[in-house]
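The next block holds one structure in the form of structure tokens; read it before the comments.
2 protein chains.
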Amino acid sequence: MFLKPSKGQLKFLAGLDQAKIRRREGFFLAEGTKVVQEALRSAWQIESFLIREAKAKNLGGLLPAMEGKKVFALSDPEWKRISQDKESEGVAALMVLPAFRSCREDVPEGGSRLLLLYQVGNPANLGAILRSAHWFGIETVLLSEGSVDFVHPKVIRTSMGSLFHLRILDGLDFRSLLPRLKERYALVGTTVRGGVPPHPVEKPSAVLLGSESHGLPEFLLDRMDENWCIPRRGDAESLSLPQAAAILLYEWTKME
Amino acid sequence: MFLKPSKGQLKFLAGLDQAKIRRREGFFLAEGTKVVQEALRSAWQIESFLIREAKAKNLGGLLPAMEGKKVFALSDPEWKRISQDKESEGVAALMVLPAFRSCREDVPEGGSRLLLLYQVGNPANLGAILRSAHWFGIETVLLSEGSVDFVHPKVIRTSMGSLFHLRILDGLDFRSLLPRLKERYALVGTTVRGGVPPHPVEKPSAVLLGSESHGLPEFLLDRMDENWCIPRRGDAESLSLPQAAAILLYEWTKME
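Protein chains in written order, with this note's numbering: chain A, 110 to 365; chain B, 110 to 365.
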């Protein structure tokens with residue numbers, strides 16, 4: 110049986126479109142069929158499900174997976190208040206913000222590869238990078254302070270739910286973190302000119318990427334063991350950040 | 110001196126948001142500062158410029174480049190009718206649809222590398238692929254019938270104007286084209302499983318990509334000299350099409 114949300118519950122859900130409310134409450138919404146499927150097959154915690162009543166019959170395959178959890182059925186006007194997707198599929202999960210985001214001080218036990226993103230502010234770019242990171246088997250992603258919220262609806266959508274398979278630490282001060290990281294990881298920066306071509310690295314290593322418009326600042330590039338630059342064959346001015354990231358992840362994790 | 114558009118001119122410009130009108134009239138709009146800059150440094154023909162009067166002072170650097178061309182200044186309500194960008198920068202170029210799109214029957218004299226895209230319908234994906242193709246020095250891109258219009262506003266925006274540096278032939282019947290292409294090019298397909306890893310190719314070669322959801326159909330894969338598959342290290346279900354394309358372009362054009 111589906112539940113009907115109270116006025117207070119609806120207000121709470123609608124408020125989760127704001128990053129500061131998500132942080133305060135410790136919850137966020139993950140919308141879309143594919144995204145909810147990935148949430149279900151991840152270790153992230155689902156509090157309850159929301160479905161748009163008028164579209165419930167399209168959710169066939171997903172409904173059995175919701176058994177044992179609360180499922181709220183929303184009317185069209187109610188759905189409109191909480192949905193962020195332009196072409197909504199009528200399903201979302203209310204999820205718990207994972208606790209690993211608070212491990213700010215320690216160098217993570219993150220396997221042999223860490224992906225570090227410095228002030229990536231565009232949610233579609235972050236989502237796309239997380240999706241590629243998942244493909245290439247990266248388990249831990251570190252976000253600097255000044256990055257977009259990693260549970261921003263557009264990050265979730267663009268990542269196609271890949272973020273639920275990653276350990277993501279955010280709000281980090283890279284300036285103070287890097288010296289400690291350097292004791293255990295080879296540090297690799299990325300730059301649009303002056304670096305060496307990307308290549309496979311077997312030993313514990315951390316690759317850093319900056320935003321599409323600003324890249325990495327000098328004070329970070331200076332601390333790297335090496336800097337990578339993707340060779341260009343044409344006269345284009347730039348490669349997009351998610352595409353550059355995909356190429357670097359591909360080379361970095363390549364096995365000869 | 111700026112011109113004021115007539116009612117008829119405005120109606121004409123507003124109509125260019127439809128692919129069929131663009132084809133019939135032979136014109137399209139290219140919006141945004143970066144996009145207009147790329148149009149200016151390309152061989153594609155600019156008919157006139159459109160600026161949003163209220164934002165003209167922000168265009169400083171671009172205005173001198175418009176000299177000798179007609180420049181129409183639009184009021185805010187007029188701009189709203191023709192602009193497709195959510196956060197409009199207030200500048201656009203009215204451009205001539207290049208004539209090479211009509212060379213349907215011949216195998217193109219396209220240098221040693223051709224990129225073929227089969228039924229890519231998502232404009233953001235097509236734009237992102239064109240941007241990467243430009244970076245990696247591809248000169249000619251062939252689009253099958255059933256692809257999104259390559260001068261769709263979202264293709265132009267996502268490509269950041271890179272498409273103006275490419276020769277793009279569209280509406281092609283790949284089934285009849287491939288046997289003729291095969292006489293001069295090694296044909297490389299792409300698949301999510303069962304292929305070999307991508308690698309550099311020096312000889313004349315054509316790489317084919319399908320859409321993110323459907324990939325390439327069997328009847329095309331069967332005609333290939335080889336099929337490439339990007340190795341996966343994690344348990345992700347798929348890599349996004351623009352990211353996969355970037356990796357393939359990178360490997361294909363790599364020089365040892």
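Virtual Cβ for every residue (Gly too), placed ideally from N, Cα, C.
Contact with chain B by residue i, beta-carbon distance below 8 Å
i              : result
residue 308(A) : no
residue 266(A) : no
residue 245(A) : yes
residue 341(A) : yes
residue 355(A) : yes
residue 276(A) : no
residue 229(A) : no
residue 128(A) : no
Sequence-distant residues of the same chain with beta carbon closer than 6 Å to residue i, five excluded per side
i              : result
residue 258(A) : 128
residue 149(A) : 174
residue 262(A) : 193
residue 287(B) : 332
residue 350(B) : 234 and 321
residue 225(B) : 251, 315 and 317
residue 280(B) : 254
residue 151(B) : 273 and 274
residue 296(B) : 315, 333 and 334
residue 181(B) : 112, 114 and 159
residue 191(A) : 122 and 123
residue 161(B) : 183, 188 and 199
Paired residues, beta bridge with residue i - DSSP
i              : result
residue 137(A) : 204(A)
residue 252(A) : 226(A)
residue 277(A) : 250(A)
residue 336(A) : 298(A)
residue 89(B)  : The shown model of chain B, from 110 to 365, leaves out residue 89(B), and the question about it has no answer.
residue 181(A) : 112(A) and 159(A)
residue 305(B) : 337(B)
residue 315(A) : 223(A) and 296(A)
Closer than 8 Å to chain A by CB, residue i
i              : result
residue 348(B) : yes
residue 294(B) : no
residue 429(B) : The shown model of chain B, from 110 to 365, leaves out residue 429(B), and the question about it has no answer.
residue 289(B) : no
residue 237(B) : yes
residue 232(B) : no
residue 362(B) : yes
residue 98(B)  : Outside the displayed span of chain B (110 to 365) sits residue 98(B), for which this structure offers no information.
residue 240(B) : yes
residue 345(B) : yes
residue 271(B) : yes
Neighbourhood of residue i by C-beta distance below 8 Å, restricted to the same chain and skipping five residues each side
i              : result
residue 154(A) : 204, 205 and 207
residue 347(A) : 301 and 321
residue 179(A) : 112, 156, 157 and 158
residue 131(A) : 125, 137, 206, 258 and 260
residue 143(B) : 269 and 270
residue 145(B) : 139, 158, 171, 200, 201, 202 and 270
Nearest residue (CA-CA) to residue i, options the options
i              : options                           : result
residue 185(B) : 283(B), 179(B), 165(B) and 177(B) : 165(B)
residue 308(B) : 110(B), 357(B) and 198(B)         : 357(B)
residue 329(A) : 282(A), 115(A) and 192(A)         : 282(A)
residue 229(A) : 241(A), 248(A) and 252(A)         : 252(A)
residue 255(B) : 248(B), 232(B) and 288(B)         : 232(B)
residue 188(A) : 170(A), 304(A), 178(A) and 158(A) : 158(A)
residue 271(A) : 288(A), 236(A), 292(A) and 305(A) : 236(A)
residue 355(A) : 120(A), 344(A), 339(A) and 292(A) : 339(A)
residue 299(A) : 334(A), 140(A), 289(A) and 243(A) : 334(A)
residue 222(A) : 181(A), 273(A) and 317(A)         : 317(A)
residue 227(B) : 182(B), 359(B) and 323(B)         : 323(B)
residue 239(B) : 268(B), 327(B), 220(B) and 279(B) : 268(B)
residue 244(A) : 280(B), 161(B), 120(B) and 345(B) : 345(B)
residue 304(A) : 176(A), 190(A), 146(A) and 341(A) : 341(A)
residue 147(B) : 265(B), 241(B) and 183(B)         : 265(B)
7 Å Cβ shell around residue i - same chain, five flanking residues per side excluded
i              : result
residue 363(A) : 309
residue 246(B) : 362
residue 90(B)  : The structure shown does not extend to residue 90(B), since chain B is modelled only from 110 through 365, so no value can be given for it.
residue 360(B) : 307, 308 and 309
Residue i at chain E interface by Cβ criterion, 8 Å
i              : result
residue 176(A) : The structure shown contains no chain E; its protein chains are A and B.
Determine contact between the stretch 184–202 of chain B and the stretch 306–325 of chain B, defined as no fewer than three beta-carbon pairs at a distance below 8 Å. no
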